[in-house]
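A short write-up of the structure that comes next.
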Amino acid sequence: MTDASDVIPRRATENASSNPAKPTPNQSAASQPKKKPRGPPHWFGRALAWAAVLVALGGGGYFAWLKLRPPGLPEGFASGNGRIEATEIDVDAKIPGRIANILVDEGDFVRANQVLVHMDVKTLEAQRREAEAQLERAAIGVDTAQAVVRQREAERTAAIAQIATRK
Numbered sequence: 002m003t004d005a006s007d008v009i010p011r012r013a014t015e016n017a018s019s020n021p022a023k024p025t026p027n028q029s030a031a032s033q034p035k036k037k038p039r040g041p042p043h044w045f046g047r048a049l050a051w052a053a054v055l056v057a058l059g060g061g062g063y064f065a066w067l068k069l070r071p072p073g074l075p076e077g078f079a080s081g082n083g084r085i086e087a088t089e090i091d092v093d094a095k096i097p098g099r100i101a102n103i104l105v106d107e108g109d110f111v112r113a114n115q116v117l118v119h120m121d122v123k124t125l126e127a128q129r130r131e132a133e134a135q136l137e138r139a140a141i142g143v144d145t146a147q148a149v150v151r152q153r154e155a156e157r158t159a160a161i162a163q164i165a166t167r168k
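Heads up, the sequence shown is in the numbering used here, so the first residue is 2 and it goes up one at a time.
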């Protein structure tokens, strides 16, 4: 147990520390703590300033994201998930050759018997001119052969006439 003499000085010391506004005879006026001003605590102003900075940075980041993000799809295009199956159609030319001019674009709708390309006809025209020249040579050959046949017939007729005159 404690003595009553120990308890009394302790109470006097507790009273002195719990009530700083009243100076005790042992304390001087300079050693008394100053009263805190009423109002928000000092840390509240700093927290508010940091919150304002964070809000400004977040707003600036959002604005930059809106301006710098890649543009969306152009008008007339759509996006989505799904499966597309195309109908494949083989297109063949009647005559092999080079293409001179393409009249349709990829993805255009076309009708049956619609002209899609113009062929380069330089090679075909050269082949046609060659065939016409061969035809002319053949016609000249026929004329020459007919002339030879007529000549041989004339010689034969002359030979028959000569034999008839000798008899």
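Positions of the beta carbon are idealized from the N, C-alpha and C atoms, including for glycine.
Beta-carbon proximity check, residue i vs residue j, cutoff 8 Å
i, j, result
"methionine 120", "alanine 101", "yes"
"leucine 117", "valine 92", "yes"
Residue i - containing beta strand (DSSP E), residue span
i, result
"valine 118", "118-120"
Minimum Cβ-Cβ distance from residue i to chain E less than 8 Å
i, result
"glutamine 147", "Going by chain labels, chain E is absent from the structure shown, which holds only one protein chain."
6 Å Cβ shell around residue i - same chain, five flanking residues per side excluded
i, result
"asparagine 16", "Annotation note: pLDDT 49 at asparagine 16 (below 50); position unreliable, coordinate value reported separately. Nothing meets the Cβ criterion."
Residue i - partner residues in DSSP beta bridges
i, result
"phenylalanine 102", "Residue identity differs from the one stated: residue 102 is asparagine in this sequence, not phenylalanine. For asparagine 102, which the question treats as bridged, DSSP gives the partners His119."
Nonlocal neighbours in the same chain, by C-beta distance under 7 Å from residue i, ignoring five residues either side
i, result
"serine 18", "Residue placement at serine 18 is poorly supported in this model, since its pLDDT is 49, which falls under 50; the coordinates still yield a value, given next. If we look at serine 18 and ignore the five residues flanking it on each side, it has no Cβ neighbours."
Residue range of the alpha helix (DSSP H) that includes residue i
i, result
"arginine 112", "Looking at the DSSP string, arginine 112 is not in any alpha helix (DSSP H), and its letter there is neither H nor E."
"phenylalanine 45", "43-69"
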